[in-house]
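**Q** Pasting in a structure now, in structure tokens, and then I'll have a few things to ask.
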Amino acid sequence: MVYQFYRSNHGAELKLPPVITRSARRRRVAFTIRPEDGRLEVLAPLRASAAEIERIIAHNPDLIERLRRQFEQVEARRTVPEFREGGEFHYLGTLYPVRFTRKVLAFDRAFLIPAGDEAAVRTELEQLYRKLAAELLEPKVSDAAGRFGLTYRHVRVGGARGRWGSCSRDGGLNFSWRLVRWPEPVVDYVVVHELAHRIELNHSARYWREVERLCPGYRQLDRFLREHVPEYCPW
372 MVYQFYRSNH
382 GAELKLPPVI
392 TRSARRRRVA
402 FTIRPEDGRL
412 EVLAPLRASA
422 AEIERIIAHN
432 PDLIERLRRQ
442 FEQVEARRTV
452 PEFREGGEFH
462 YLGTLYPVRF
472 TRKVLAFDRA
482 FLIPAGDEAA
492 VRTELEQLYR
502 KLAAELLEPK
512 VSDAAGRFGL
522 TYRHVRVGGA
532 RGRWGSCSRD
542 GGLNFSWRLV
552 RWPEPVVDYV
562 VVHELAHRIE
572 LNHSARYWRE
582 VERLCPGYRQ
592 LDRFLREHVP
602 EYCPW
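Numbering (the working numbering), first residue to last: 372 to 606.
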């Protein structure tokens, strides 16, 4: 590749090649920075050649540099999670504490988990988040699909970091458990964002018109989602 993306990692400068992600639904090349590792990701149409992608990268150094600076500004706001009793984590936009208990994993204005060391607390928290996500998202999708007259195949909860949700060609909806950390209007927007792919399986102008119809004012929610990752998803 003609362009290498640089990022700082504990004071060291790492030289990393861009990640190329091809999709049959994509019509043109776009750039983003992956939140999980800070690498430049090139989103390209399935038929885009390596030479064409290299050419587009080479012709957009200013855009890539701007994305890099924006990423670094966002990362500077990232909080350091404390995986211990009393540590606070978001659920639907509000911070709640971790409380140690002998009970089964549960949430009651606090994350109730068994006592353990930092690694155990992190593992138990993720399991509880997954449970909460499944309980929250399945009825939300069902309700939204019913209101808008849309169908879907299933709802599944996974562990993706760089993608809040996705919709497959056969109507399968997948969401990251991390989504439930965000304020509820943001969660509802992501649900609509994925359901809109049941109308238009791409990100064309028509697709975004459908999103606007289903979720008026979505732009503010989308901007909030992009700008506040460090606060709501530090891990």
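Where is the CB? At the ideal position from N, CA and C, for every residue including glycine.
1) Pick out the complete alpha helix (DSSP H) segments inside the region 540–603, 4 residues or longer, and give them in chain order.
2) Once the 5 residues before and after Glu495 are set aside, which same chain residues still bring their CB inside 8 Å of it?
3) For the beta strand (DSSP E) holding Pro432, just list the boundary residues, first then last.
4) Excluding the 5 residues flanking Glu583 on each side, which residues of the same chain have their C-beta closer than 7 Å to its C-beta?
5) Taking contact to mean 3 or more Cβ pairs, one atom from each stretch, closer than 8 Å, check whether the region 560–569 and the region 511–522 are in contact.
6) In whole angstroms, what is the alpha-carbon distance linking Arg532 and Leu411?
7) For Val400, which residues in the same chain have their Cβ closer than 6 Å to its Cβ, ignoring the five residues on either side in sequence?
8) Identify whether His381 lies in helix, strand or coil by the three-state DSSP scheme.
9) Quick check: what's the CA-CA separation for Trp606 versus Val451?
10) Can you look up Val528 in the DSSP assignment and give me helix, strand or coil?
11) Shortest alpha-carbon distance to Ile391 belongs to which of Arg398, Ala419 and Pro406?
12) Tell me Val469's beta-bridge partners as DSSP assigns them.
13) Is the Cβ of Glu555 closer than 8 Å to any Cβ of chain B?
14) When DSSP labels each residue in this structure, what does Tyr374 get in the three-state scheme?
15) With distances taken between CB atoms, is the gap from Leu596 to Trp553 smaller than 8 Å?
**A** Taking the geometry as given:
1) 555–566, 576–585, 589–598 and 600–603
2) Leu476, Ile484, Pro485 and Gly487
3) Premise fails: Pro432 lies in the alpha helix (DSSP H), Pro432 to Glu446, not in any beta strand (DSSP E).
4) Tyr589
5) yes
6) Cα atoms of Arg532 and Leu411: separation of roughly 15 Å, rounded to the nearest angstrom.
7) Ala415 and Ile427
8) For His381, the predicted model reports a pLDDT of 38, less than 50, meaning its position is unreliable and no value from the coordinates is stated.
9) 8 Å
10) strand
11) Here the closest residue by C-alpha is Ala419.
12) Phe482
13) In the structure shown, chain B cannot be found, because there is only a single protein chain.
14) Unreliable positioning characterises Tyr374 in this predicted model, as indicated by a pLDDT of 37, which lies under 50. The coordinate reading is nonetheless provided below. Correct three-state label for Tyr374: coil.
15) yes
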